[in-house]
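Single-structure report; data block below.
Chains as they are written, first to last, in this note's numbering: chain B, 3 to 318; chain H, 3 to 318.
In structure tokens form, the structure reads like this:
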């Protein structure tokens with residue numbers, strides 16, 4: 003049997019057929035064009051699934067169901083996207099509407115949850131029961147797996163670790179509060195900090211790397227300057243590690259998982275990022291050596307985690 | 003059948019016999035005298051249980067087991083108190099040692115978890131499946147009930163909501179970090195803030211209430227001055243509400259429970275405390291009106307929650 007996983011993003015709809023060994027055997031994508039109505043996006047999802055099944059020459063009876071990872075606040079029980087900023091959706095009955103076009107069992111969950119489940123099924127957290135995964139991108143997404151199951155909170159709108167406070171009355175966050183983890187630990191936040199610092203310290207290598215155009219600064223430039231011991235970059239990265247480190251210590255003090263996974267472009271830095279985070283976490287976790295302290299590890303499935311995890315929703 | 007609940011604190015050992023309707027039918031206590039060895043404390047616990055069963059004229063066959071609520075970091079699976087600051091215990095095999103003296107099934111959990119379970123069984127969260135309870139005392143303890151079960155994290159040392167950051171690099175916390183919720187929202191923290199403020203603002207009513215002796219300041223004095231619109235007290239309470247409010251919004255963004263319960267002496271203020279907290283939370287929770295926002299409610303069982311909850315460990 004096979005399952006279909008859909009990774010629905012603000013930019014692209016990605017669909018994969020996943021076999022029983024968690025391998026993606028066929029994949030397709032099309033642009034989401036999120037400014038269209040939800041109806042049109044859902045029609046595209048259905049067509050993409052149908053054409054991929056046909057192209058892969060799989061009998062539709064061999065498909066056990068369709069799972070969807072979707073950004074935003076989801077009522078997973080009723081299959082309704084309550085609110086998604088990325089898709090510009092409100093109260094969209096995603097499962098019901100897709101079900102009219104695709105007669106398979108359909109499940110939906112938040113995209114960060116799906117990525118976390120993907121890593122548990124086939125990635126850097128394979129076979130672990132309790133993990134927390136942070137996605138460091140435009141924002142900070144979080145997927146929490148407890149006792150092998152997705153943890154979404156008692157009601158929709160939980161498991162939003164990116165929207166917990168790190169600096170009361172600090173930087174403005176997209177959620178309306180000030181000082182959330184997201185406002186300090188996302189890739190966007192790293193770049194914001196870098197711009198602020200480079201404006202004040204014109205001697206930084208980073209200013210050379212971006213050829214004087216602050217709008218061109220990306221995370222890699224900061225880490226490249228850090229590798230060359232540029233003082234400004236060292237300060238930026240040290241601060242970034244301490245913000246993200248504090249956020250991870252908070253997560254461990256609450257969830258005490260088997261492992262912490264990080265994903266997003268920043269994680270390409272590998273141990274440059276995870277080694278100092280591990281050291282930070284070992285120093286500050288509650289109860290110190292008396293309690294187990296999980297490692298901080300880079301997620302391994304990259305963009306495929308979402309598809310594999312969405313497909314796995316059918317077996318949760 | 004009856005169960006025995008033990009609320010083991012740094013000051014007193016409290017034991018109760020609880021019936022099937024969650025009523026305490028007999029109660030006894032003795033001082034913990036925590037400076038003694040764990041062995042001696044455990045002997046006292048056993049003797050207290052035995053004598054209470056005898057005094058209540060209950061046949062020992064009618065006792066189905068003994069539950070213990072214990073402060074600190076507990077390995078509940080193996081019944082070991084890994085670390086308890088209040089008791090000055092390290093790696094104490096509590097269940098094994100007590101079992102040598104009391105031949106009943108024995109369970110142990112953190113005291114804040116027991117208080118939360120007590121409120122679910124018989125108090126302000128009766129029959130709710132998902133609640134988070136904060137105990138605002140010397141520190142900030144937390145009990146988390148998810149889907150009707152105690153949530154302790156994947157490994158011992160989780161569920162410590164008091165030790166998540168609210169103000170990075172802020173006030174020193176007892177856990178070794180700076181700026182934890184506990185350092186701003188505990189009763190101790192409220193009094194610390196009050197002392198700092200009264201030192202600067204000698205015109206405050208609070209200075210009259212404590213007769214000029216800052217060491218005599220308690221939480222009630224601050225709220226009494228607040229009721230009389232003392233400017234300093236109003237500022238202290240407004241700030242306290244905003245710190246505790248931020249902490250509660252964090253909890254809702256992660257756990258999205260049916261209700262938030264508060265306990266501890268400060269909660270005697272009732273709606274003076276919970277009304278502004280409710281308003282704060284409604285304003286700042288993630289996803290706003292699109293997601294369910296739980297009420298903030300005063301716990302109702304006071305000191306009995308721990309005994310009732312400890313006894314209920316036998317049925318978890």
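C-beta atoms are modelled at their ideal positions from N, C-alpha and C, and glycine is treated no differently.
Cα-Cα separation, residue i to residue j
| i | j | result |
| --- | --- | --- |
| residue 259 (chain B) | residue 71 (chain B) | 23 Å |
| residue 2 (chain H) | residue 43 (chain H) | This structure leaves residue 2 (chain H) out entirely; chain H is present only between 3 and 318. |
| residue 223 (chain B) | residue 299 (chain B) | 22 Å |
| residue 172 (chain B) | residue 181 (chain B) | 4 Å |
| residue 254 (chain H) | residue 211 (chain B) | 42 Å |
| residue 109 (chain H) | residue 96 (chain H) | 10 Å |
| residue 16 (chain B) | residue 31 (chain B) | 4 Å |
| residue 189 (chain B) | residue 141 (chain B) | 7 Å |
| residue 149 (chain B) | residue 139 (chain B) | 27 Å |
| residue 99 (chain H) | residue 80 (chain H) | 12 Å |
| residue 183 (chain B) | residue 7 (chain B) | 29 Å |
| residue 280 (chain B) | residue 297 (chain B) | 6 Å |
| residue 146 (chain H) | residue 54 (chain B) | 44 Å |
| residue 219 (chain H) | residue 245 (chain B) | 35 Å |
| residue 286 (chain H) | residue 61 (chain B) | 49 Å |
| residue 295 (chain H) | residue 156 (chain B) | 11 Å |
| residue 267 (chain H) | residue 137 (chain H) | 9 Å |
| residue 57 (chain B) | residue 152 (chain H) | 48 Å |
| residue 103 (chain B) | residue 174 (chain B) | 41 Å |
| residue 315 (chain H) | residue 119 (chain H) | 8 Å |
| residue 112 (chain B) | residue 27 (chain B) | 23 Å |
| residue 51 (chain B) | residue 9 (chain B) | 12 Å |
| residue 179 (chain B) | residue 317 (chain B) | 36 Å |
Spatial neighbours of residue i in its chain, beta-carbon cut-off 7 Å, leaving aside the 5 residues before and after
| i | result |
| --- | --- |
| residue 130 (chain H) | 122, 260 and 261 |
| residue 230 (chain H) | 207 |
| residue 160 (chain H) | 154 |
| residue 24 (chain B) | 123, 124 and 310 |
| residue 158 (chain B) | 75, 76, 77 and 84 |
| residue 126 (chain B) | 263, 299, 300, 301 and 302 |
Boundaries of the beta strand (DSSP E) in which residue i is found, first to last residue
| i | result |
| --- | --- |
| residue 342 (chain H) | The question about residue 342 (chain H) has no answer here: the residues shown for chain H are numbered 3 through 318. |
| residue 173 (chain B) | Note, residue 173 (chain B): premise wrong, no beta strand (DSSP E); not H, not E. |
| residue 297 (chain B) | 297-300 |
| residue 45 (chain H) | First-last for residue 45 (chain H): 40-57, but that is the alpha helix (DSSP H), not the beta strand (DSSP E). |
| residue 135 (chain H) | 133-138 |
| residue 60 (chain B) | Looking at the DSSP string, residue 60 (chain B) is not in any beta strand (DSSP E), and its letter there is neither H nor E. |
| residue 30 (chain H) | 26-33 |
| residue 146 (chain B) | 142-148 |
Closer than 7 Å at the beta carbon, the chain C residues around residue i
| i | result |
| --- | --- |
| residue 132 (chain H) | In the structure shown, chain C cannot be found, because the protein chains are B and H. |
Contacts around residue i, its chain only, beta-carbon distance under 6 Å, and the 5 residues preceding and following it disregarded
| i | result |
| --- | --- |
| residue 354 (chain B) | Outside the displayed range of chain B (3 to 318) lies residue 354 (chain B), so it cannot be described from this structure. |
| residue 257 (chain B) | 134 |
| residue 191 (chain H) | 185 |
| residue 88 (chain H) | 12 and 73 |
| residue 313 (chain B) | 5, 7, 20 and 69 |
| residue 239 (chain B) | 228 |
Nonlocal neighbours in the same chain, by C-beta distance under 8 Å from residue i, ignoring five residues either side
| i | result |
| --- | --- |
| residue 237 (chain B) | 199 |
| residue 234 (chain H) | 199, 200, 203, 205, 206, 207, 208 and 227 |
| residue 65 (chain B) | 3, 4, 5, 6, 19, 55 and 106 |
Beta-carbon neighbours of residue i, restricted to chain H and to distances below 8 Å
| i | result |
| --- | --- |
| residue 178 (chain B) | 286 and 290 |
Bounding residues of the alpha helix (DSSP H) (the contiguous stretch that carries residue i)
| i | result |
| --- | --- |
| residue 189 (chain B) | 189-202 |
| residue 281 (chain B) | 273-286 |
| residue 253 (chain H) | 233-257 |
| residue 99 (chain H) | 96-101 |
| residue 167 (chain B) | Looking at the DSSP string, residue 167 (chain B) is not in any alpha helix (DSSP H), and its letter there is neither H nor E. |
| residue 226 (chain H) | 221-229 |
8 Å Cβ cut-off: residues of chain B touching residue i
| i | result |
| --- | --- |
| residue 84 (chain H) | 289, 292 and 293 |
Cross-chain neighbours of residue i in chain H, by beta carbon under 9 Å
| i | result |
| --- | --- |
| residue 274 (chain B) | In chain order: nothing, as chain H lies at least about 22 Å away. |
| residue 245 (chain B) | 170 |
Within chain B, partners of residue i - CB distance below 9 Å
| i | result |
| --- | --- |
| residue 148 (chain H) | 148, 153, 155 and 156 |
Using a beta-carbon distance cut-off of less than 9 Å, what residues from the region 282-294 of chain B approach chain H? Within the region 282-294 of chain B, the qualifying residues are 285, 286, 287, 288, 289, 290, 292, 293 and 294.
Please list the residues of the region 152-176 of chain B that have a C-beta atom closer than 7 Å to any C-beta atom in chain H, keeping them in chain order. 155, 156, 157, 158, 159, 160, 161, 162, 163, 165, 166, 167, 168, 169 and 170
Taking any Cβ of chain B, which residues in the region 230-263 of chain H have a Cβ under 9 Å from it, in chain order? Cβ contacts with chain B: 244, 245, 248, 249, 251, 252, 253, 254, 255, 256, 257, 258, 259 and 260.
Which residues, taken in chain order from the region 64-88 of chain H, show a beta carbon closer than 8 Å to some beta carbon of chain B? 75, 84 and 85
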